[in-house]
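Peer 1: The structure that follows is given in the form of structure tokens.
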Amino acid sequence: MKPQKIKNVFWPWRTLIISIGCWFAFSVTIAAQTVGDPAKAQMQEMDRREMQLNSLGEKARPNDPKRAQAMMDQVGEDFQRILTRHNELVRAIAANQSLSYQFISDATGEIKKRSVRLQSSLKLQKPETTTQDRGTDSALSGMEMKDEVILLCKQIESFVKN
23 MKPQKIKNVF WPWRTLIISI GCWFAFSVTI AAQTVGDPAK AQMQEMDRRE MQLNSLGEKA
83 RPNDPKRAQA MMDQVGEDFQ RILTRHNELV RAIAANQSLS YQFISDATGE IKKRSVRLQS
143 SLKLQKPETT TQDRGTDSAL SGMEMKDEVI LLCKQIESFV KN
């Protein structure tokens, strides 16, 4: 009877030690499952959703020759119009004319509109911004405006050559 009594005395201690061991083992694995940087996780989730939307749109549209031709025509028209507005800007700069803000605003507005449409039609990556964004309310002097227009023309030329 004595051996049975000894087993009963150690039973609670053995259960306690096993419980502590399990608690320690499971808490270590839970601690190892940290999410990390929440901003990175959010960006990954947004990328995953964007990929799903892009693949969903491709699957939903059958290869329609009329639609493909219409898109090619639109891309060609946008490209030609960007080149036309670029040439108008270059001619105005080369002639040493004073550049009117209305002319520059109209030309750059149309270039931006058509370039955004080209970007979405061709599914191009978003360009990396290398220059500082200036406030729209700050007025540029004539020389600064000319320099900015020249920079725009060079970027258009690099796009065309690519």
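Residues are numbered in my numbering as their position in the sequence shown, beginning at 1, plus a constant of 22.
Heads up, the beta-carbon is just placed ideally off N, CA and C, and yes, glycines get one too.
Please read these numbers as outputs of a predicted model, since none were measured by experiment.
#1: Once DSSP output is grouped into helix, strand and coil, what is the label at Q119?
#2: Using CA coordinates, which residue listed in S137, I39, V138, M167 is at the minimum distance from Q124?
#3: Taking Cβ to Cβ, would you say I178 is nearer than 8 Å to I104?
#4: By how many angstroms is the C-alpha of G58 removed from the C-alpha of W33?
#5: Buried or exposed: where does R136 fall if 16 or more other Cβ atoms within 10 Å of its Cβ makes it buried?
#6: Can you tell me whether DSSP reads D159 as helix, strand or coil?
#7: Have a look at M165, L144, M65 and flag the residue whose alpha-carbon is nearest the alpha-carbon of Q119.
#8: Quick check: what's the CA-CA separation for K145 versus K134?
#9: Please tell me whether A129 and L111 are closer than 8 Å, where the distance is taken between their beta carbons.
#10: According to DSSP, simplified to helix, strand and coil, what is G58?
Peer 2: The short version:
#1: DSSP places Q119 in coil when its eight states are reduced to three.
#2: M167
#3: yes
#4: In this model, W33 and G58 are separated by some 42 Å (Cα to Cα).
#5: buried
#6: Unreliable positioning characterises D159 in this predicted model, as indicated by a pLDDT of 42, which lies under 50. The coordinate reading is nonetheless provided below. Looking at D159 - three-state DSSP - the assignment turns out to be coil, as it is neither helix nor strand.
#7: M165
#8: Distance between the alpha carbons of K145 and K134 is about 16 Å.
#9: yes
#10: coil
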